[in-house]
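As structure tokens, the structure follows; a few thoughts come after it.
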Amino acid sequence: MLGHVRSKALEDFKVRLEESLNKREGFTSSVRTCTQSSMLEFDEGCADAAVQQANWDSSRVRKKLQRDIDAYASSVCSAKLSKLNGNYEKQLSASLTGPVKTLLETGGKDTWASIRKLLNHETEVAISEFSTVVADFELDKATIAQMLQHLRDYSRNVVEKKAREEATKIMIHMKDR
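Numbering (this note's numbering), first residue to last: 14 to 190.
And the structure:
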């Protein structure tokens, strides 16, 4: 009986969390609200069950429900962060690849200075936007710093990769000029 109440509370948590996230509410506040309502639902279900069986101890089942909710919330958080990270990587690739290629093809005195300026600008824009979005997750500073450094490294790698590609075509560009 308690297992059924726990399963129902967990499923309701999952549904409420998904609905809340689809409404674009903050992740951490959504988890908190949904957890509280699911735990309240569980407690009410246990109170009803306790009337039928007076000697039941629901504390172990309640702790298991809390662990299950925490595990599910953690997996959803990881998935959302991974998706966000992928979206910002795509954004950086799109905003850097074309302009860097053009700058390298035209080749001038200030090509590398222009590439550095472009790299810094696009990276800072992406990091600023990413920081704003990640604030809803209420992560610790070390984790956020690690994620931001990953984006910086990724943008630098995009430029390095494009420079290597264009380096193989340098003779063609020199002949064209």
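Ideal Cβ positions, reconstructed from N, Cα and C, are used throughout, including at glycine.
Since this is a predicted model, take the numbers as computed values, not measurements.
**Q.** 8 Å Cβ cutoff met for residue 147 and residue 140
**A.** no
Q. Which residue comes first and which comes last in the alpha helix (DSSP H) that contains residue 143?
A. 124 to 147
Q) Does DSSP classify residue 71 as helix, strand or coil? A) coil
Q) Could you give the residue range of the alpha helix (DSSP H) that holds residue 15? A) 15 to 35
Q: Identify whether residue 182 lies in helix, strand or coil by the three-state DSSP scheme.
A: coil
Q | Alpha carbon of residue 40 to alpha carbon of residue 90, nearest angstrom | A | 8 Å
**Q.** For residue 115 and residue 44, the rounded distance between their alpha carbons
**A.** 46 Å
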